[in-house]
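Working notes for the structure below.
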Amino acid sequence: MKSKAFTLLILLFCLSFVKDDNKILWRESLELNYADFEQKPPRNVKNVLAKSGIRIEYHYQIKDKNPPVFTVKTYFLKDQSWMILKDSNTLQHEKLHFDLAELYTRKIRRDLAKLNQKKVHKLQSYFDIIEFYRAENDKADALFDTQSYGYIFNGKRVENHTRERLIHWQDSISTELKRLDRYR
């Protein structure tokens, strides 16, 4: 019986070190590449050239009678990401979606830290902040898509001042990420 328990313990220990190759943790210097978009594109998609699976994940821990401590991270999910038009603009556009999610992750971290400093114990208060910023991220993603894409004709993007708008968004996101660098 002891050897089975020991074997199970060793197996669980080894599994804790298994790397999830599907998830890419956000980091500043990261460059996405075409191989990161592993999902097969849907057949009847219109007016969409790519989709990035991006998730803001959190975990929390409560020790003794202290307020909860949250860990919040931004991940790119390869198996939920696809690309039809493989060009540098599309790749840059999808990277900006990833950066935008990191921006909202930092806002979550900032506001969770404020609750923690106030010694708030009610978990729902923390969850409300997370859900609020996830919804704000979704709205920002939609606005970004609306403002930065040209129009699609026969499966190809027709540039319509999209480069300038893409650069504007990139600069804005970069500025905000730097402003919230403390919550990296």
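Counting in the numbering used here, the sequence shown runs from 1 upward without gaps. The C-beta atom is built at its ideal place from N, Cα and C for all residues, glycine as well.
{"Check": "How would you write the range of the beta strand (DSSP E) that H121 sits in, first residue to last?", "Outcome": "Where H121 is concerned, there is no enclosing beta strand (DSSP E), given that its DSSP letter is neither H nor E."}
{"Check": "Tell me the rounded alpha-carbon separation between V45 and K86.", "Outcome": "15 Å"}
{"Check": "By how many angstroms is the C-alpha of S88 removed from the C-alpha of R195?", "Outcome": "Because the chain is modelled from 1 through 184, residue 195 falls outside the range shown and cannot be assessed."}
{"Check": "Using DSSP with H/G/I as helix, E/B as strand and the rest coil, what is S52?", "Outcome": "strand"}
{"Check": "Sort K119, N137, R163 and D141 by Cα distance to K65 and report the nearest one.", "Outcome": "K119"}
{"Check": "Leaving out the 5 sequence neighbours to the left and right, which residues in its chain are closer than 8 Å to I129 when beta-carbon positions are compared?", "Outcome": "I108, D111, L112 and L115"}
{"Check": "Rank F98, K122 and Y60 by C-alpha distance to the C-alpha of S52 and give the top, closest one.", "Outcome": "F98"}
{"Check": "So is P67 buried or exposed if we call it buried at 16+ other beta carbons inside 10 Å?", "Outcome": "buried"}
{"Check": "What do you get for K95, buried or exposed, if any count of 16 or more other CB atoms within 10 angstroms of its CB means buried?", "Outcome": "buried"}
{"Check": "Quick check: the Cα distance between R165 and S148, rounded to an integer number of angstroms?", "Outcome": "5 Å"}
{"Check": "If I follow the unbroken alpha helix (DSSP H) through K86, where does it start and stop?", "Outcome": "Run containing K86: none; DSSP gives neither H nor E here."}
{"Check": "Please confirm whether K78 and N22 have their CB atoms less than 8 Å apart.", "Outcome": "yes"}
{"Check": "Could you tell me how far apart the beta carbons of A50 and T74 are, in whole angstroms, since I believe they sit closer than 8 Å?", "Outcome": "At roughly 18 Å, the Cβ-Cβ gap does not stay under 8 Å, so A50 and T74 are not in contact."}
{"Check": "I'd like the list of long-range same chain contacts for R182, defined as Cβ closer than 6 Å, with 5 residues on each side in sequence excluded.", "Outcome": "none"}
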